[in-house]
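Okay, so here's the structure we're looking at.
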Amino acid sequence: MMNKKQFPREEYFAPGHRGCAGCGASIVARMALKAIGRDTIVVNSTGCLEVFTTPYPETAWKVPWIHTAFECAGAVAGGIERAIKALKKRGKYKGRKLVVMPISGDGGTADIGFQSLSGALERGHDMVYIMYDNEAYMNTGVQRSSSTPLFASATTAPAGKISKGENNPKKDMAMIAAAHGIPYVATACISYPEDFMRKVKKASDIEGPAFIQVLQPCTVGWGYSTENTIKIGRLAVETGLFPLYEIENGDFKITYKPAKRKPLKEYIKMQKRYRHLTDEDIEILQKNIDEKCKLLGLE
Amino acid sequence: MVTIAAIIYEPGSTTKNKTGSWRTFRPIMDNKKCIKCENCYIFCPEGTIYEDENGDFKINYDYCKGCLICVNECPVNALTSIREEK
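Those sequence lines, one after another, are chains A and B. When the letters of the first sequence are read in order and numbered with the numbering used here, they come out as residues 22 to 320. When the letters of the second sequence are read in order and numbered with the numbering used here, they come out as residues 768 to 853.
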């Protein structure tokens, strides 16, 4: 039996929101808020999470929350952080650490919000940027983003007679963030809550910008039945497709090492977005992963 | 009608919307089998699973959408599912 009261009991993310059954993004928000606690200011750029949590005049958030356009989660978070700093100089919020937590999807981070994020990281605003990565624009109907992996089918990169779906590999956002030389970068997955929550907590304690990329399976876009959200996330990590690591002040560390990497086929076969793939295609993907894992030191 | 700058003054107000009606399958918790590993508690996308005063985990059917992640993630099969019928 595990020890009791493992996870904090406070809820800062209310039920009744309009997320799909089995939604991964709501799990991301719930876990992240549990990890940081009440003194959080959430900056939410447009995306699934923003749309389904705040059907006006209702909100699922129990912490201060602001909606921004797709482009400017980084800029708005930077502004809020500087405002807090200025107010602290005038004696407000004594002894409290307010955490600014921008949370954006992969479209709002890797594509549209990229320049404002890059600017914010470069200027060194104290924030915890969370990218919930569901590998396409799920909110508007599964259009491809630069985070969509190779050979995945999306509505703007559909698989057919000529095309095999997305023809570019996934953009490695965590490494791009790390290239800014910021104090903390991590990847996480909702299937490993202790790991994810520890990383969020650590990121909030660190002065300066922190970036966390969370893989979050999407039941609608990836095409699997709702109960498998956690299982697919776990497979993504165990096959080596999405390695969990953290880079703290330049030190790279793998935080979860699968005892033996599972074959990628197990992961692929569970999802409708990959159903057009032949064994040869899976072999290509497997080879890519093997190379990446070798580079990162996963066996 | 619309507030200035579309500010929402009441935090956590989506609780007005009872999403329990979305359910096709209903998860059933057997507290005798439960080992309190908290898997269902942390993986629930709605936060509908709560700990009652005796330390037992219960499901709030007002909001449970019936995704059955809890049933899938339970290591001891304390959670089972039945079809929702009326």
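No residue lacks a Cβ here, since even glycine has one placed at the ideal position from N, Cα and C.
I'd like to know whether the C-beta atoms of residue 97 of chain A and residue 105 of chain A end up nearer to each other than 8 Å.
Locating residue 97 of chain A in the first sequence gives position 76, counting from the first residue. Locating residue 105 of chain A in the first sequence gives position 84, counting from the first residue. No, the Cβ-Cβ distance between residue 97 of chain A and residue 105 of chain A is not below 8 Å.
List the DSSP bridge partners of residue 237 of chain A.
For the purposes of this step, residue 237 of chain A is identified with residue 216 of the first sequence, where counting begins at 1. Residue 237 of chain A pairs with nothing; no bridge assigned.
Please classify residue 251 of chain A: is it buried, with 16 or more other beta-carbons within 10 angstroms of its beta-carbon, or exposed?
By 1-based counting over the first sequence, the position of residue 251 of chain A is 230. Residue 251 of chain A is buried by the Cβ-count criterion.
Spell out the partners DSSP gives residue 126 of chain A in its beta bridges.
Taking the first residue of the first sequence as 1, we reach residue 126 of chain A at position 105. According to DSSP, residue 126 of chain A bridges with A/153.
Where residue 768 of chain B falls: helix, strand or coil (DSSP)
Locating residue 768 of chain B in the second sequence gives position 1, where the first residue counts as 1. If DSSP states are grouped into helix, strand and coil, residue 768 of chain B belongs with coil.
Close Cβ partners of residue 247 of chain A (< 6 Å) along its chain, the five nearest in sequence each way excluded:
Reading the first sequence from its first residue, position 226 is the one you call residue 247 of chain A. Taken in chain order, the residues that qualify are 42, 43 and 240.
Which residues in chain B have a C-beta closer than 8 Å to the C-beta of residue 47 of chain A? List them in chain order.
The residue labelled residue 47 of chain A in the question sits at position 26 within the first sequence. What residue 47 of chain A touches in chain B: 812 and 813.
Output the distance between the C-alpha atoms of residue 800 of chain B and residue 211 of chain A, rounded to the nearest integer angstrom.
As a position in the second sequence, residue 800 of chain B is number 33, starting the count at 1. As a position in the first sequence, residue 211 of chain A is number 190, starting the count at 1. Going by the C-alpha atoms only, they are around 25 Å apart.
Counting beta carbon pairs with one atom in the region 779-796 of chain B and one in the region 830-847 of chain B, are three or more of them shorter than 8 Å?
Short answer: they touch.
For the alpha helix (DSSP H) that residue 65 of chain A lies in, which residues bound it at each end?
As a position in the first sequence, residue 65 of chain A is number 44, starting the count at 1. That residue, residue 65 of chain A, is in no alpha helix (DSSP H); its beta strand (DSSP E) goes 61-66.
List the DSSP bridge partners of residue 794 of chain B.
Here residue 794 of chain B refers to the residue found at position 27 when the second sequence is read from its first residue. Checking the DSSP bridge columns, you'll see residue 794 of chain B partnered with B/848.
DSSP state of residue 321 of chain A mapped onto helix, strand, coil:
Outside the modelled stretch of chain A, which goes from 22 to 320, sits residue 321 of chain A, for which no answer is possible.
Chain B contacts made by the region 30-60 of chain A, where a contact means CB separation under 9 Å:
Those residues of the region 30-60 of chain A that come within reach of chain B (Cβ to Cβ, closer than 9 Å) are 30, 32, 33, 34, 35, 36, 37, 38, 39, 40, 41, 42, 43, 44, 45, 46, 47, 48, 51, 52 and 55.
If the cut is a Cβ gap below 7 Å, which residues of chain A does residue 773 of chain B touch?
Mapped onto the second sequence, residue 773 of chain B falls at position 6. Near residue 773 of chain B (Cβ distances below 7 Å), the residues of chain A are 77.
Any C-beta of chain B under 8 Å from that of residue 223 of chain A
Sequence index remark: in the first sequence, residue 223 of chain A carries index 202 (1-based). Look at residue 223 of chain A: its C-beta is not under 8 Å from any C-beta on chain B.
Around the Cβ of residue 196 of chain A, are there at least 16 other Cβ atoms within 10 angstroms (buried) or fewer (exposed)?
Translated into positions along the first sequence, residue 196 of chain A becomes position 175. It is exposed - the Cβ of residue 196 of chain A has fewer than 16 other Cβ atoms within 10 Å.
What are the residues in the region 237-254 of chain A lying within 9 Å of chain B by C-beta distance?
Of all residues in the region 237-254 of chain A, only 240, 246, 247, 248, 249, 250, 251 and 252 come within less than 9 Å of chain B when Cβ atoms are compared, listed by chain position.
Please tell me whether residue 781 of chain B has its Cβ less than 8 Å away from any Cβ of chain A.
Taking the first residue of the second sequence as 1, we reach residue 781 of chain B at position 14. Judged by the 8 Å Cβ criterion, residue 781 of chain B is in contact with chain A.
Short Cβ contact (8 Å threshold) for residue 849 of chain B with residue 214 of chain A
Position 82 of the second sequence, counting from 1, holds the residue named residue 849 of chain B. Position 193 of the first sequence, counting from 1, holds the residue named residue 214 of chain A. Annotated as distal: residue 849 of chain B and residue 214 of chain A, with beta-carbon spacing of 8 Å or more.
Measure the alpha-carbon distance for residue 807 of chain B versus residue 112 of chain A and round it to whole angstroms.
On the second sequence, residue 807 of chain B is found 40 positions in, with the first residue counted as 1. On the first sequence, residue 112 of chain A is found 91 positions in, with the first residue counted as 1. If you take the alpha carbons of residue 807 of chain B and residue 112 of chain A, they lie about 43 Å apart.
Which residue marks the beginning of the alpha helix (DSSP H) containing residue 256 of chain A, and which one marks its end?
As a working mapping, residue 256 of chain A is identified with position 235 in the first sequence. Residue 256 of chain A -> alpha helix (DSSP H) spans 250-259.
What number of angstroms, rounded off, separates the C-alpha of residue 78 of chain A from the C-alpha of residue 51 of chain A?
Counting from 1 along the first sequence, the entry for residue 78 of chain A is found at position 57. Counting from 1 along the first sequence, the entry for residue 51 of chain A is found at position 30. Answer to the nearest angstrom: the Cα atoms are 21 Å apart.
In angstroms, rounded to a whole number, what distance separates the CA positions of residue 796 of chain B and residue 257 of chain A?
As a working note, residue 796 of chain B is residue 29 in the second sequence. As a working note, residue 257 of chain A is residue 236 in the first sequence. Each residue's Cα considered, the two are about 29 Å apart.
Cα-Cα separation between residue 205 of chain A and residue 60 of chain A, rounded to whole angstroms:
Taking the first sequence and counting its residues from 1, one reaches residue 205 of chain A at position 184. Taking the first sequence and counting its residues from 1, one reaches residue 60 of chain A at position 39. Each residue's Cα considered, the two are about 20 Å apart.
Could you tell me the alpha carbon to alpha carbon distance between residue 301 of chain A and residue 128 of chain A, rounded to whole angstroms?
Working through the first sequence from its first residue, we reach residue 301 of chain A at position 280. Working through the first sequence from its first residue, we reach residue 128 of chain A at position 107. Rounded to the nearest whole angstrom, the C-alpha separation of residue 301 of chain A and residue 128 of chain A is 30 Å.
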